[in-house]
Amino acid sequence: MAGKSYKVAVVGATGVVGSEMLASVKKFIPNAEITPFASERSAGKSVKLDGKTLSITVLKKENITSFDFAIFSAGASVSKEFAPLFAERGAFVIDNSSAWRMDPSCPLVVPEVNSHTLAKDKKIIANPNCSTIQMVVALKPLHMAATIKRIRVATYQAVSGAGQMGITDLADQAKAWAQGKPIPAPKKIPHQIAFNLVPQIDVFVEDDYTKEEMKLANETRKIMDAPDVQISATCIRVPVFRGHSEAVWIETDKPLSPAEARKLLEKAPGVKVVDSPKESKYPMPLDAEGKYETFVGRIRKDLSCPNGLVFWVVSDNLLKGAALNALQIVDALIKKGLV
Ligand SMILES: NC(=O)c1ccc[n+]([C@@H]2O[C@H](COP(=O)([O-])OP(=O)(O)OC[C@H]3O[C@@H](n4cnc5c(N)ncnc54)[C@H](OP(=O)(O)O)[C@@H]3O)[C@@H](O)[C@H]2O)c1
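In numbering that gives the first Met the number 0, the protein residues as written are 0 to 338.
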C-alpha cells in the first residue's frame, strides 16, 4: 500500500459527512488523489484538503472518469443514479446512503464484523446506517459468545445525523432562545429540537415504525448474518450536535454475565469500555466527539429476563457512523489486495 497512489472521488464533498471524509482520508490513503464532487449548487466552490484548495467538480455523467474508489455521501437518489456509472468505469463505490444496503448483490459492511463479504466483483458496497454501525460493533463479540436471540434498542440521535440542515435547526433555535427571540420554525427536523426530544427519524412506514427503526432492524440482521434475530427499535432525535447514543437490551441463547460481557467487549476491535458506575464514568456523546471508537458502558443484567443484558453504546455518528466506516472499508479492500 505504501507509495501506491489511488484516485478517489468524494461525492458530496461539501456536506457534513463529506467534510469529515476529507479530514480523515489521508490517514487511510496517504497518496490519495482526491476529486471532490457536489451538485450544481456548488459549481465554482472549492474545498480545502491538507492546506490545498480543490475545486468542486459538478456531478454529471460527462465528468465521471476512471477512479479506484468513489465514496458517496449525497443521498440515495444521487447514489442510485450515479454509483453504477463510477462502478462501470472500474471504481469500488462505498455508499453512505440507504440506496444499496438491502440489495442482496451489495455487501453491507462494518469491517470489525463482516469484511469477509467484500469481493473483487462486488463493486458497490453499502455503508450501513449510523445507528446500526455502532450497535453491531458492540453486539458482534457478544453474539459470537452467546448467540443473540432478541434485541431491543432505544436510540438518542444527534442532529448532525440529519445533515447540515439538522445542525442549523438546533443552532438557530438555541440562539434565538438565548437572545429571547421567537424560536424559528424548523427546516429539517419535524418539530422544534432545542430543549425537546422528537421520536421520529425519517418517515413512518409499516406498523407505525419509522424507516430509521426498520433500517436498524433489517441492516443488523444482514450484517450479522442473523436472519432470525428479533429486533424492535425506537429512534429519537435529541438536542445534541454530534454523537449517537443507544440503550440496548439483548437476550442470548447461552447465559452471559455482565463481567463476561465486559471482558469480551474490552478485547473487541473498535470498542472502548467506559464503565465505572461508582465514579460516574460512562460513555457520553460529548466525550465521543472526534473519536474513532465505539464506547460501551452501563453493562448490567436485564432484570426482566433470565439471559438478558443491558448496556449503553455511544459513538461519533459522523466518524464511525459514516466517514470513518467508509474509509475502513477502503482500507480493508486495499489490505485484502482487491484493488
Ligand atoms: N450525517 C450523518 O450522520 C450520516 C450518517 C450516515 C449516513 N449519512 C448519509 O450521508 C449522506 C449525506 O449526508 P450529510 O449528513 O453529509 O448531508 P448534507 O450535509 O446535507 O450534505 C449533502 C451533500 O450531498 C451533495 N449533493 C446533494 N445533491 C447532490 C447532487 N444532485 N449531486 C451531487 N451532490 C449532491 C451536497 O452538495 P451541495 O453542497 O452542492 O448541495 C452535499 O455535499 C446522506 O445519504 C445521509 O443519509 C449521513
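Positions of the beta carbon are idealized from the N, C-alpha and C atoms, including for glycine.
If you reduce the DSSP assignment to three classes, tell me which class residue i lands in.
| i | result |
| --- | --- |
| Ile-132 | helix |
| Lys-266 | helix |
| Ile-123 | strand |
| Ser-244 | strand |
| Asp-227 | coil |
| Met-0 | Interpretation of Met-0 is limited by its pLDDT of 47, a score under 50 that renders its predicted location unreliable; the figure taken from the coordinates is listed afterwards. In the structure shown, Met-0 sits in coil (DSSP, three-state: anything other than H, G, I, E or B). |
| Trp-176 | helix |
| Arg-149 | strand |
| Gly-14 | coil |
| Leu-326 | helix |
| Cys-256 | Strictly speaking, residue 256 in this sequence is Ser, with Cys absent from that position. Ser-256: coil per DSSP, three-state reduction. |
| Arg-236 | strand |
| Ile-222 | helix |
| Phe-81 | helix |
| Asp-94 | strand |
| Ser-351 | Lying before the first or after the last residue shown, residue 351 is absent from the chain, which here runs from 0 to 338. |
| Ala-118 | coil |
| Ala-137 | helix |
| Ala-144 | helix |
| Lys-335 | coil |
| Ala-8 | strand |
| Ser-275 | strand |
| Gln-199 | coil |
| Ile-166 | helix |
Examine ligand 1 and report whether any of its heavy atoms sits within less than 7 Å of the Cβ of residue i.
| i | result |
| --- | --- |
| Thr-154 | no |
| Gln-327 | no |
| Ser-23 | no |
| Leu-48 | no |
| Gln-199 | no |
| Ala-73 | yes |
| Thr-13 | yes |
| Leu-323 | no |
| Ser-41 | yes |
| Cys-129 | yes |
| Gln-229 | no |
| Gly-17 | yes |
I need the straight-line Cα distance from residue i to residue j, nearest angstrom please.
| i | j | result |
| --- | --- | --- |
| Gly-14 | Asp-252 | 43 Å |
| Ser-244 | Trp-176 | 25 Å |
| Leu-332 | Trp-248 | 33 Å |
| Ala-184 | Arg-220 | 37 Å |
| Ile-166 | Ala-69 | 26 Å |
| Ser-72 | Ala-216 | 22 Å |
| Asn-128 | Pro-181 | 34 Å |
| Arg-40 | Leu-255 | 53 Å |
| Ser-38 | Ala-75 | 14 Å |
| Gly-336 | Phe-27 | 15 Å |
| Arg-236 | Ser-275 | 27 Å |
| Ser-96 | Ser-78 | 7 Å |
| Ile-200 | Val-338 | 36 Å |
| Tyr-155 | Cys-234 | 7 Å |
| Ala-258 | Gln-229 | 24 Å |
| Ala-325 | Phe-91 | 11 Å |
| Ala-173 | Met-164 | 14 Å |
| Leu-58 | Ala-246 | 39 Å |
| Ile-33 | Ile-123 | 19 Å |
| Asp-102 | Ser-114 | 17 Å |
| Pro-305 | Lys-47 | 54 Å |
| Thr-131 | Val-313 | 12 Å |
| Glu-205 | Phe-310 | 28 Å |
| Val-158 | Phe-194 | 13 Å |
| Met-377 | Ala-322 | Limits of the chain in this structure are 0 at one end and 338 at the other, which puts residue 377 out of reach. |
| Tyr-5 | Ile-93 | 15 Å |
| Lys-290 | Gly-320 | 11 Å |
| Ile-188 | Ala-98 | 21 Å |
| Lys-271 | Lys-60 | 43 Å |
| Ser-18 | Lys-277 | 38 Å |
| Ala-161 | Ser-54 | 26 Å |
| Asp-227 | Glu-250 | 13 Å |
| Lys-186 | Ile-192 | 11 Å |
| Ala-31 | Ser-65 | 14 Å |
| Phe-294 | Ala-86 | 34 Å |
| Ser-23 | Lys-51 | 15 Å |
| Thr-146 | Glu-218 | 17 Å |
| Val-202 | Gly-89 | 35 Å |
Assuming residue i and residue j form a contact by the criterion Cβ under 8 Å, report the distance between their Cβ atoms to the nearest whole angstrom.
| i | j | result |
| --- | --- | --- |
| Met-223 | Val-135 | 6 Å |
| Arg-100 | Ala-125 | 4 Å |
| Lys-16 | Leu-317 | First, the residue type needs correcting, since residue 16 is Val and not Lys in the sequence shown. Indeed they touch by this definition, with Cβ atoms about 6 Å apart. |
| Arg-241 | Asp-315 | 6 Å |
| Val-273 | Gly-307 | Actually they are not in contact, since the Cβ atoms of Val-273 and Gly-307 sit about 22 Å apart, beyond 8 Å. |
| Gly-269 | Glu-292 | 6 Å |
| Pro-198 | Val-239 | Wrong, their Cβ atoms sit about 15 Å apart, outside the cutoff. |
request  = Kindly provide the ranges of any alpha helix (DSSP H) runs that are 4 or more residues long and lie completely inside the stretch 25-76, ordered along the chain.
outcome  = For secondary structure counted as the alpha helix (DSSP H) over 4 or more consecutive residues, the stretch 25-76 holds no complete run.
message = If we require 3 or more residues per run, which beta strand (DSSP E) segments fall completely within the stretch 280-310?
response = Taken in chain order, the complete beta strand (DSSP E) segments of 3 residues or longer contained in the stretch 280-310 are 293-300.
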